[in-house]
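Written out below as structure tokens is the structure these notes cover.
Residue numbers (our numbering): 48 to 372.
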């Protein structure tokens, strides 16, 4: 019997990487065939260290979920770190994978690769058709480079070496392992924390930035991980049939969005916060809408399973277990 592939999950302590490990284990992949390294064990920006690691471990497949991430404030304050570290991580891992004969790799990008004013819902074809959002442009450029690295290795070495490197672009993710920092977290963990603290302190109202009319799409992280395994395991013939050699990435979303007001009310209900939810229209809304077109992935046989309310309940349970006093 053939031994199951040895799989390296880069970024296994992050929200997405840890979800990929959970999915692999849930699908019966033995833990001893999953390779991980912490940041202290392996600096992914160190080319020599990454090459040594691949030469020693020689995995069969790679899920590239490692990245330097952050919100608007972090991206605006440390743009050099965001573009440098993400580029180095991608270049080192993808090239080392090729040098060590690894034929299967999945790169995880971000919805911020699309132009700031892209038509909604955002289709894969929108890539490189307009100006990016300035606040996270360095991060987005690095993620675009990751897609093009995968495509370039496929184009040059696909036929001669069997290289098959793929890319997926997730929408806004949430769930276990999320960042609940009071200042640097994204909208769902930020609202979970605020409503939880308001309930605990019996604060009569929670004021949220903006009008509440902006629309956003959210995907539970374990759904994202399931999509990653689905895309990784597709036959090359089917994957190639639904993509192009220089437009090969695939969007991953649930296919529908809600207003920030609806999101806040749902989270308040999950937490059982009885106070008032108010909005401050003097503060910015951000983009009026951000929705991914996941038609391509749906045609490949995958759809999200976890509803927002169920996902939010799971996220709040995780928050209570790991963050709340």
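Heads up, the beta-carbon is just placed ideally off N, CA and C, and yes, glycines get one too. Because the structure is a prediction, the values reported are computed rather than measured.
Looking only at DSSP bridge pairs, what is residue i linked to?
i, result
"residue 334", "BP columns for residue 334 are empty, so no partner."
"residue 388", "Residue 388 cannot be examined here, being either before or after the span of the chain that is shown, 48 to 372."
"residue 214", "154"
"residue 297", "215"
"residue 305", "263"
"residue 57", "111"
"residue 339", "169"
"residue 68", "Paired residue(s): none; residue 68 is not in a bridge."
"residue 220", "266"
"residue 291", "294"
"residue 81", "54"
Output needed for residue i: all residues of its chain with C-beta closer than 6 Å, excluding positions within five of it in sequence on either side, in chain order.
i, result
"residue 336", "167 and 262"
"residue 185", "126, 129 and 130"
"residue 376", "Here the chain has residues from 48 to 372 only, and residue 376 is not among them."
"residue 315", "242 and 324"
"residue 144", "109 and 152"
"residue 373", "Coverage of the chain is limited to positions 48 through 372, which leaves residue 373 absent and any answer about it impossible."
"residue 280", "none"
"residue 132", "92 and 115"
"residue 362", "221 and 222"
"residue 353", "267 and 270"
"residue 66", "268, 269 and 272"
"residue 197", "154, 212 and 214"
With a threshold of 8 Å on Cβ separation, who are the neighbours of residue i within its own chain once the five nearest residues in sequence on each side are excluded?
i, result
"residue 187", "157, 159, 160, 179 and 180"
"residue 122", "129, 182, 183, 185 and 186"
"residue 100", "84, 89 and 143"
"residue 283", "211"
"residue 345", "302"
"residue 172", "294"
Looking only at C-alpha atoms, which of the options sits nearest to residue i?
i, options, result
"residue 321", "147, 55 and 250", "250"
"residue 364", "147, 350 and 240", "240"
"residue 291", "304, 246 and 199", "199"
"residue 351", "132, 119, 274 and 99", "274"
"residue 164", "345, 285, 370 and 333", "333"
"residue 329", "171, 258, 237 and 227", "258"
"residue 331", "227, 220, 307 and 313", "307"
"residue 120", "197, 228 and 65", "228"
"residue 309", "238, 252, 162 and 370", "238"
"residue 253", "327, 226 and 206", "327"
"residue 370", "353, 172, 124 and 226", "226"
Cβ of residue i within 8 Å of Cβ of residue j?
i, j, result
"residue 311", "residue 235", "no"
"residue 149", "residue 109", "yes"
"residue 222", "residue 358", "yes"
"residue 218", "residue 339", "yes"
"residue 54", "residue 93", "no"
"residue 299", "residue 347", "no"
"residue 215", "residue 134", "no"
"residue 367", "residue 294", "no"
"residue 58", "residue 114", "yes"
"residue 81", "residue 68", "yes"
"residue 111", "residue 77", "no"
"residue 395", "residue 194", "Nothing about residue 395 can be reported from this structure: the residues present for the chain run from 48 to 372 only."
"residue 202", "residue 289", "no"
"residue 264", "residue 319", "no"
"residue 286", "residue 170", "no"
"residue 23", "residue 277", "Outside the displayed span of the chain (48 to 372) sits residue 23, for which this structure offers no information."
"residue 248", "residue 302", "no"
"residue 244", "residue 313", "no"
Ignore the nearest five residues each way along the sequence and tell me which others in residue i's own chain have a CB closer than 7 Å to its CB.
i, result
"residue 360", "317"
"residue 105", "147"
"residue 60", "85"
"residue 102", "147"
If we cut at 8 Å on Cβ distances, does residue i have a partner in chain B?
i, result
"residue 277", "This model lacks chain B altogether, as it is built from one protein chain only."
Contact between the stretch 134-151 and the stretch 84-92 is defined here as three or more beta-carbon pairs at a separation below 8 Å; is this criterion met?
yes
At least 3 beta-carbon pairs within less than 8 Å: the stretch 265-283 vs the stretch 70-86:
Contact holds: three or more Cβ-Cβ distances are below 8 Å.
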